[in-house]
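**Q**
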Amino acid sequence: MCEWVKDKRFFARVRPNLIVDLAKHRGAERVSTVNRFLVRAFLGVFTVALTSCATSPSGPPGTKNTSKTFTTVVVDAGHGGKDNGAFRRYGGAEKLATLDVAKRIERKLRESQLRTVMTRSSDVFISLDERVAMENREKNAIFVSIHFNDSSRRAIHGFETYYHSPMSRDLAVRIQEKLLTIHNSSNRGVRTANFRVLRYAKYPAVLVECGFLSNRREGGEARDSEYRDTLADKIAEAIVEYRYGSGVYASRGNAAPESNPPPAGEVRLPTKSGR
Ligand SMILES: [Zn+2]
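Under our numbering, the sequence shown has 1217 at position 172, and the numbering climbs by one with no breaks.
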């Protein structure tokens, strides 16, 4: 829903005038041709505004809801280079798992005729501001950031999908729902967060936490290329359906086997900085 439609003061201000104008308008002869034109013009603008709101909820000022029009997906592999992200015995370095899943998503989206832009396609450091600049440079895009999670409590597991702007919620819900179709998956919910890459996005933008590297089972899964391909497949399917509707996505199997699987390691590195 548009902000200005939600604004009760707007209605309080507009409605009485609208009713008065309509009454006058219905009163026919006393209304001059000029007045009639003005009333029609106002009603026209009002109707167009309402219609556009109904089909395209707006985000904060400066944002553009491209959910029904986007032709490009900016795929962001979290962390990279000097920033390992989470690094756990079971899951290896987060930066490598995110890159592998992001590459697979990219290929699957291209196969579905969507243009893609990768914020990184190798193990290099990219600052959060650079990532934001890359996402906002596009004309008609959405942004999907890929991460894996980490906790000092090893039992914690499950998928989380984050968004910031309300216009991004539907995309987040679709991705989370699709991930939950994976066998034995757990739902930690669709959540809002102030992550920089979401907060400054001009377009619908989400961040997906594809399970906990600190959890024995999910960490092990993150090291398995077949499982990473399944993750990518679900996320790509959600994106394609978000744009074109259900049943359109065609899975093409294992997209991009990773030649260097994430190494094992016990080092604990900061995890919350790279998003
Ligand atoms: Zn991360």
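Note that beta-carbon positions come from the ideal geometry of N, C-alpha and C, so glycine has one too.
All values reported here derive from a predicted model rather than from experimental measurement.
With 16 other CB atoms within 10 Å as the buried threshold, where does A1281 fall?
**A** Under this definition A1281 is a buried residue.
**Q** Grab me the residues of I1171's own chain with a C-beta within less than 7 Å of its C-beta, minus the 5 sequence neighbours each way, in chain order.
**A** These residues qualify, in order along the chain: G1125, T1164, R1165.
**Q** My output table needs one value for N1181: the three-state DSSP class, helix, strand or coil.
**A** Reduced to three states, the DSSP call for N1181 is helix.
**Q** Ignore the nearest five residues each way along the sequence and tell me which others in I1150's own chain have a CB closer than 6 Å to its CB.
**A** Closer than 6 Å at Cβ, skipping near neighbours: V1120, A1277, I1280, A1281.
**Q** For G1107, which residues from the same chain have a beta carbon less than 7 Å from its beta carbon, with the 5 sequence-adjacent residues on both sides left out?
**A** If we look at G1107 and ignore the five residues flanking it on each side, its Cβ neighbours are K1247.
**Q** Which one of A1147, S1291, R1241 has the shortest CA to CA distance from H1192?
**A** That would be A1147, whose Cα lies nearest to the Cα of H1192.
**Q** Do you know offhand how far T1161's Cα is from V1285's?
**A** Going by the C-alpha atoms only, they are around 12 Å apart.
**Q** Should A1122 be listed as close to ligand 1, given that the test is whether its C-beta is under 7 Å from any heavy atom?
**A** Checking every heavy atom of ligand 1 against the Cβ of A1122, none is found closer than 7 Å.
**Q** Taking the alpha helix (DSSP H) that D1215 belongs to, which residues open and close that run?
**A** Per DSSP, D1215 belongs to the alpha helix (DSSP H) from 1214-1224.
**Q** Which complete alpha helix (DSSP H) runs does the region 1104-1172 hold, if anything under 4 residues is left out?
**A** Runs of the alpha helix (DSSP H) inside the region 1104-1172: 1139-1156.
**Q** Just to confirm, is the Cβ distance from S1259 to S1196 under 8 Å?
**A** Cβ atoms of S1259 and S1196: closer than 8 Å.
**Q** Please classify E1263 as buried or exposed, where buried requires at least 16 other C-beta atoms within 10 Å of its C-beta.
**A** That one is buried.
**Q** Look at the alpha carbon of A1295 and the alpha carbon of D1145, and state the distance between them as a whole number of angstroms.
**A** If I take the Cα positions, the gap works out to 20 Å.
**Q** Beta carbon of A1283, beta carbon of N1194: below 8 Å?
**A** Not in contact: A1283 and N1194 (Cβ atoms no closer than 8 Å).
**Q** Flag E1205 as yes when its Cβ comes closer than 7 Å to any non-hydrogen atom of ligand 1, and as no otherwise.
**A** E1205 Cβ: outside cutoff for every heavy atom of ligand 1.
**Q** Strictly by DSSP, which residues pair up with H1192?
**A** BP columns for H1192 point to E1254.
**Q** What residues in its chain sit with their C-beta under 6 Å from that of A1351, if we drop five residues either side in the sequence?
**A** Nothing can be reported for residue 1351: it is not among the residues displayed for the chain, which extend from 1046 to 1320.
**Q** How many Å lie between S1097 and N1110 at the Cα?
**A** Per-residue confidence for S1097 stands at a pLDDT of 34, beneath the threshold of 50, marking its modelled position as unreliable; the derived number appears in the next sentence. Roughly 11 Å separates the two Cα atoms.
**Q** Just tell me which of T1114, K1113, L1141, T1116 has its CA closest to the CA of S1270.
**A** That would be L1141, whose Cα lies nearest to the Cα of S1270.
**Q** Can you tell me which residues form a DSSP beta bridge with R1236?
**A** According to DSSP, R1236 bridges with Y1207.
**Q** Considering Cα atoms alone, identify which of R1261, D1174, E1183 is closest to A1200.
**A** The option with the nearest alpha carbon to A1200 is R1261.
**Q** Where does the unbroken alpha helix (DSSP H) through I1201 begin, and where does it stop?
**A** Where I1201 is concerned, there is no enclosing alpha helix (DSSP H), given that its DSSP letter is neither H nor E.
**Q** Among residues of its own chain, excluding the 5 on either side of E1266, which ones have a beta-carbon nearer than 6 Å to its beta-carbon?
**A** Closer than 6 Å at Cβ, skipping near neighbours: Y1272.
**Q** In the structure shown, what three-state DSSP assignment does I1284 receive?
**A** I1284 falls in the helix class under three-state DSSP.
**Q** Consider the C-beta atom of E1271 and the heavy atoms of ligand 1; say whether any pair is separated by less than 7 Å.
**A** No, since every heavy atom of ligand 1 falls outside the 7 Å radius drawn around the Cβ of E1271.
**Q** Helix, strand or coil for A1267, going by three-state DSSP, please let me know.
**A** Note: A1267 maps to helix in three-state DSSP.
**Q** Hey, how far is the Cα of Y1245 from the Cα of V1177?
**A** Cα-Cα distance, rounded: 7 Å.
**Q** Which residue's Cα is closest to the Cα of C1331: L1216, R1233, V1118?
**A** Since the displayed the chain opens at 1046 and closes at 1320, residue 1331 lies outside it and no answer follows.
**Q** Closer than 6 Å by C-beta to L1159: which residues in its own chain qualify, once you throw out the five before and the five after it? Chain order, please.
**A** Within the same chain, L1159 has close Cβ partners V1118.
**Q** Smallest Cα separation from R1155: which of F1188, S1167, T1116?
**A** Here the closest residue by C-alpha is T1116.
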